[in-house]
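Since the structure comes first, as structure tokens, the remarks are kept for the end.
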Amino acid sequence: MSPVEIGSAAIVVLLVLIYLGMPIGIGMLAVSFAGVAAIRGDTVSMRMLGAVANDSLREYLFAVVPLFVLMGLLVTISKVGKDTFDVFQQLLRRVAAGLGIATVFANAVFASITGISIASATVFSRVAVPEMERHGYTKKFATGVVAGSSVLGMLIPPSLLMIIYAVLAEQSVGRMFLAGVGPGILLAVAFSVVIVLLARFKRDFVFENANDTADYEHHGTLELVLKAVPIVALMLVVLGGLYGGFLNPTEAGAAGALGALVIALLRRSLGFREFWKLLVESGQITVSVLFLILAATFFSRMLALSGVPNALAELLLSSPVGPYGFLLLFLVLIIMLGCLIDSISIMLILLPIALPVAEAAGFDLIWFGVLTVVCVEVGLLTPPFGLSVYIIKSATDDPTLRVADIFRGSMPFVAAMLVSVGLIVAFPPIATWLARL
Amino acid sequence: MTNQTTKADAPAQGRLLDATGKIWAVLVDGLAAAGTFMILVLMMIICADILARNLMGASLPLVSELGALLLVMIVSLQLATTVRADRLARTEIFFTGFRAARPRAGAGLSGVFNLVGAAVVGGIAWSTVRILGKDWASGEYIGVTGIATFPTWPFRALILLGMTIAAIQFLVLAARDFNLALTTKDKT
Amino acid sequence: AQEVIPLTVASSHPTVIPWVGMIQTHFMARTDEILAATGTYQIQWNEAFGGQLYKANATLTSVEEGITDIGWVFSFLEAAKLPLSQGSSYTPFATNNPALQLSVMQDLLATNEAFLEEWESHNLKVLGLTGTDSYDVYTKEPLDSFAALDGMKLSAPGVLGNWLRGTGANAVDGALTTFYTDVQTGVSDGVLSLALGMLPAKIYEVAPYITQVNMGVAFSGAIAINRDTWDGLPPEVQNAMVEAGQYYTKSHGEDLLLRHEAAIRKMLEIGADQNPPVTLTPMEEADREAWVNAMPNLAKEWADALEAKGVPASAYLQAYMDGLRKRGETPLRNWDEGL
Ligand code: NA
Ligand code: NA
């Protein structure tokens, strides 16, 4: 077999193993080992395996992963999310379906202090869903809004997905973060438009009881300001530090985690046991993410040795498919995989193959990254495997809430995301303007 | 060996296995705790560096190189417990349904996955022995001669330890799976 | 009939880095050209530049272990395994001519056994050599004299922190990617670095006062081929590669000098309209001498530390300095004195 044939066979075998349920990282390592052994012999393959495990993660930037994960878990237990929601609820109480819009914007702000969507989905299913139900919104809509707006958590900086893309595509993390701001705002606005349209034209989707008479909790101005202090402080540390040029992304993660720890301690929401549990949880999330990165590194090195990416680029770009046909194919493939596997795995499986093609097509890799991330995030909301939906189901602890209802409630937001992807394709500056400033 | 002695030894063997199991659990948990603690250390040294830079105008030596190595530590030390908790990402499209419908074959398949896991992670451990040896022999270090340096071999040794334990953890899971495959029956 | 030989060529850095790009345009192209003369052999290059196969932290082992056949080894990051190769980083103000320095290094490879051995013991053969352009100082405020360095905070990557010892300036560790914000936010008052790095990193925007100190050039690594691969090549191909490697080294040295000057011109040109504009001031000869003599004996410290480990660094240093002088250079400080 020629190297290109070996590489192609490895991709097919990997897909079969992933389908059968082998841990994705293990599958990638095994297939890549076999691939390199077939191309360059098993001694080289064994040495490459060792080199990948010892050196590929040895990157200061990767330290950002446990730090942002820890920060996300800390702000989840310290009620910073609830306070943010209270502020927006008070501001938007007179608007039609105002609680829905408040959820979207509270999520957008909360997104700027957490890098993982799990945190957003957990917090707002506990904070916003009961409040919306109390005011006569349907469960389907209430949970759908939370699921939909949780995707903002990994689009608006800081964002774990952007970091992973930046690493794979060798783009600056700071620029990738900036590139998420425009699309994040676009998505928040699109979600609000969807909510208003639904409230006007499909009232029974939104409201169980159209005559809401339940009281709103009232907060004085001073109280609101006090509620806003912790989140604004954290935003200042993380985003201010990053864009003021005081901190690199890793340092922003460390400072943010320490800040979130201080807030959690000040609010007495953290005992020693809980803190240790959070650290263990951060560790396990970190390992499952970084082990995948490690495995994907070996996979992409195997592919580079096989010459598959170059052959694929030639094939796709010289054929009638062309660059934009390739882009469409790629995005559709992401959305399809998103029905089945988690966000990070999708990026780690597809990007080693797709990035060289995108580069050969002359695409702006920052723009390409934003499109990738938005489409990957669609997968958080699509059945049968939709991570945000499952998190909401497990966090609400309501036996009458069916997973199918949450998926149904999320569909309008999936539609809004697809429209937004179209807009970003048509108007690249939405993503690139701020990043290239 | 006669049947009798086998019978007489059985409880003792059970106790021994039990004790081994406990020691094993303590080992895996201990490594994980060390890895967990390193997340805190990582946060602290980076924050200390930020402070030093802004208050004293000089950055601390080795921070970025140490941070990078600490991260590799966190991953290798916690891999075994992550494996044990079944937290490595996988799809459930086929696997979950298959296990429910055909428990015996499902356990066998899971055993095969765990064996492959043991093989690749064991391969990492195996090739790390050589890297450790080379770093030891050449006195490989991080940092700059004349300013501050630190040898890399202790980190390599910990990577080797973590990967070895994780490989054995995969083997333990595979043994459990195959045992299950032999003792359960598929509904037919 | 023509025999096709498949070879993988790789690097940790992308081809926009001049000496990586020149692997394609000079080393590979010249090898192909020489082989085409007889047409007996043709190399089928599988290119994996830009970190596709390994990162900067594994340039030596990747060639050594055959992960790639041919690759650029970045000796700056291999101080433990390539100790003698660090020599030029401990002998500042010795020469500003990269081509001349590389020719001395090439000579040493042939005459200094310990130096050749430190490379070849890693299961590889050296084909071509690489170096840096000269180091200057970029500051926020004008640097009036050598004495003004006292109390300043200067960003300097890794080993170059040593070059500030004795000057009263504090070294702030950093990399090309952190210098801009470090200067902008006051973490440091300026940068000690290369024109070739400062231009793309736009450091002149925040540190527009360029003091042309001409602190000297440094040896940075080699194009090397895995020894097992090398032993399997027919003599004709081996000869072609040796010749192409020499051509690469020579072209790269000459290119560095031109590029250094062009980069400084370019910064002056782009930065003419900014406020304050980019200015270039050559450092007074007396100040350069004050600087080099204020330093402790870096070279001796370095050589003594290696000698203690059994590495014959003193003889190497002697040969290096002799080589420079033999080619007409006058090092500002004779680092081999008092060894
Ligand atoms: Na975020
Ligand atoms: Na999905």
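Protein chains in written order, with this note's numbering: chain A, 168 to 604; chain B, -15 to 172; chain C, 590 to 928. Ideal placement from N, C-alpha and C gives every residue a C-beta, glycine not left out. The model shown is predicted, which means the values in this text are computed figures rather than measured ones.
Going by beta carbon distance, what residues of the same chain come within less than 6 Å of residue i, once the five residues before and after it are set aside?
{"i": "G92 (chain B)", "result": "A165"}
{"i": "T464 (chain A)", "result": "V219 and S223"}
{"i": "M741 (chain C)", "result": "A758 and D778"}
Pull the bridge partners of residue i from the DSSP assignment, please.
{"i": "L743 (chain C)", "result": "C:A760 and C:G779"}
{"i": "N815 (chain C)", "result": "C:L713"}
{"i": "D725 (chain C)", "result": "C:S782"}
{"i": "L718 (chain C)", "result": "C:A811"}
{"i": "G127 (chain B)", "result": "B:T133"}
{"i": "W752 (chain C)", "result": "Note: W752 (chain C) sits in no beta bridge, so no partner."}
{"i": "L869 (chain C)", "result": "C:I799"}
{"i": "Q631 (chain C)", "result": "C:V593"}
{"i": "F663 (chain C)", "result": "C:G810"}
{"i": "F374 (chain A)", "result": "A:Y304"}
{"i": "A599 (chain C)", "result": "C:A637 and C:G660"}
If you check the beta carbons only, do residue i and residue j fall under 8 Å apart?
{"i": "L216 (chain A)", "j": "S111 (chain B)", "result": "yes"}
{"i": "Y909 (chain C)", "j": "A703 (chain C)", "result": "no"}
{"i": "W608 (chain C)", "j": "T766 (chain C)", "result": "no"}
{"i": "A637 (chain C)", "j": "A471 (chain A)", "result": "yes"}
{"i": "I591 (chain A)", "j": "M343 (chain A)", "result": "no"}
{"i": "L72 (chain B)", "j": "S455 (chain A)", "result": "yes"}
{"i": "L401 (chain A)", "j": "G426 (chain A)", "result": "yes"}
{"i": "L328 (chain A)", "j": "M514 (chain A)", "result": "yes"}
{"i": "Q322 (chain A)", "j": "V540 (chain A)", "result": "Note that residue 322 (chain A) is Leu in the sequence shown here, rather than Gln. Cβ distance < 8 Å, so L322 (chain A) and V540 (chain A) count as in contact."}
{"i": "L846 (chain C)", "j": "P687 (chain C)", "result": "yes"}
{"i": "A599 (chain C)", "j": "Q633 (chain C)", "result": "no"}
{"i": "A605 (chain A)", "j": "T563 (chain A)", "result": "In the structure as shown, chain A begins at 168 and stops at 604. Residue 605 (chain A) is therefore absent and cannot be evaluated."}
{"i": "L63 (chain B)", "j": "G146 (chain B)", "result": "yes"}
{"i": "W819 (chain C)", "j": "L781 (chain C)", "result": "no"}
{"i": "I656 (chain C)", "j": "V211 (chain A)", "result": "yes"}
{"i": "A381 (chain A)", "j": "V373 (chain A)", "result": "no"}
{"i": "T721 (chain C)", "j": "G779 (chain C)", "result": "no"}
{"i": "I558 (chain A)", "j": "A355 (chain A)", "result": "no"}
{"i": "E814 (chain C)", "j": "V867 (chain C)", "result": "In the sequence as displayed, the identity of residue 814 (chain C) is Ile instead of Glu. Contact: no."}
{"i": "Q690 (chain C)", "j": "T684 (chain C)", "result": "yes"}
{"i": "E612 (chain A)", "j": "S510 (chain A)", "result": "Any property of residue 612 (chain A) remains undetermined from this structure, which presents chain A solely from 168 to 604."}
Got a sec? Which residues, its chain only, sit under 8 Å from residue i by beta carbon, not counting five neighbours each side?
{"i": "V312 (chain A)", "result": "G267, T270, V271, A295, M299, F358, I362, G576 and F580"}
{"i": "E825 (chain C)", "result": "L624, T627, T629 and Y630"}
{"i": "F574 (chain A)", "result": "L548, T549, P550, G553 and V556"}
{"i": "L234 (chain A)", "result": "T417, G420, A421, G423 and A424"}
{"i": "R603 (chain A)", "result": "R342 and I533"}
{"i": "T929 (chain C)", "result": "Past the edges of chain C, shown from 590 to 928, lies residue 929 (chain C), and the structure says nothing about it."}
{"i": "Q591 (chain C)", "result": "G628, T629, Y630 and Q631"}
{"i": "T168 (chain B)", "result": "P87, R88 and A91"}
Go through its chain and collect everything with a Cβ distance to residue i's Cβ below 7 Å, but skip five positions before and after it.
{"i": "A151 (chain B)", "result": "A102, V105, G106 and A109"}
{"i": "V262 (chain A)", "result": "I268"}
{"i": "I597 (chain A)", "result": "G349, P350, L353, L590 and I591"}
{"i": "R434 (chain A)", "result": "S245 and K246"}
{"i": "V404 (chain A)", "result": "A422, G423 and G426"}
Classify residue i as buried or exposed, calling it buried when 16 or more other Cβ atoms lie within 10 Å of its own Cβ.
{"i": "N882 (chain C)", "result": "exposed"}
{"i": "N759 (chain C)", "result": "buried"}
{"i": "H711 (chain C)", "result": "buried"}
{"i": "E706 (chain C)", "result": "exposed"}
{"i": "F139 (chain B)", "result": "buried"}
{"i": "K915 (chain C)", "result": "exposed"}
{"i": "I7 (chain B)", "result": "exposed"}
Should residue i be flagged as near chain D, meaning a C-beta pair shorter than 8 Å?
{"i": "F413 (chain A)", "result": "Absent from the structure is chain D; the protein chains it does hold are A, B and C."}
ask   = Can we say the segment 294 to 307 of chain A touches the segment 326 to 338 of chain A, given the rule of at least three CB pairs closer than 8 Å?
value = Verdict: no, contact absent.
request  = May I ask you to verify whether the segment 479 to 494 of chain A touches the segment 268 to 285 of chain A, counting CB pairs closer than 8 Å and requiring at least 3?
outcome  = In the pairwise beta carbon analysis, the segment 479 to 494 of chain A is classified as not touching the segment 268 to 285 of chain A: fewer than three pairs are separated by under 8 Å.
ask   = Are there three or more Cβ pairs, one per stretch, closer than 8 Å when the segment 849 to 857 of chain C is compared with the segment 735 to 748 of chain C?
value = no
query = Do the segment 761 to 781 of chain C and the segment 806 to 823 of chain C make contact, defined as three or more Cβ pairs closer than 8 Å?
reply = Contact between the segment 761 to 781 of chain C and the segment 806 to 823 of chain C is absent, because fewer than three Cβ pairs lie under 8 Å.
key: At least three beta-carbon pairs within less than 8 Å, the segment 113 to 131 of chain B to the segment 39 to 50 of chain B   = yes
query = Are at least three pairs of beta-carbons, each pair with one atom in the segment 495 to 514 of chain A and one in the segment 660 to 677 of chain C, less than 8 Å apart?
reply = no
query = Would you call the segment 383 to 397 of chain A and the segment 251 to 262 of chain A in contact, with 3 or more CB pairs under 8 Å?
reply = yes
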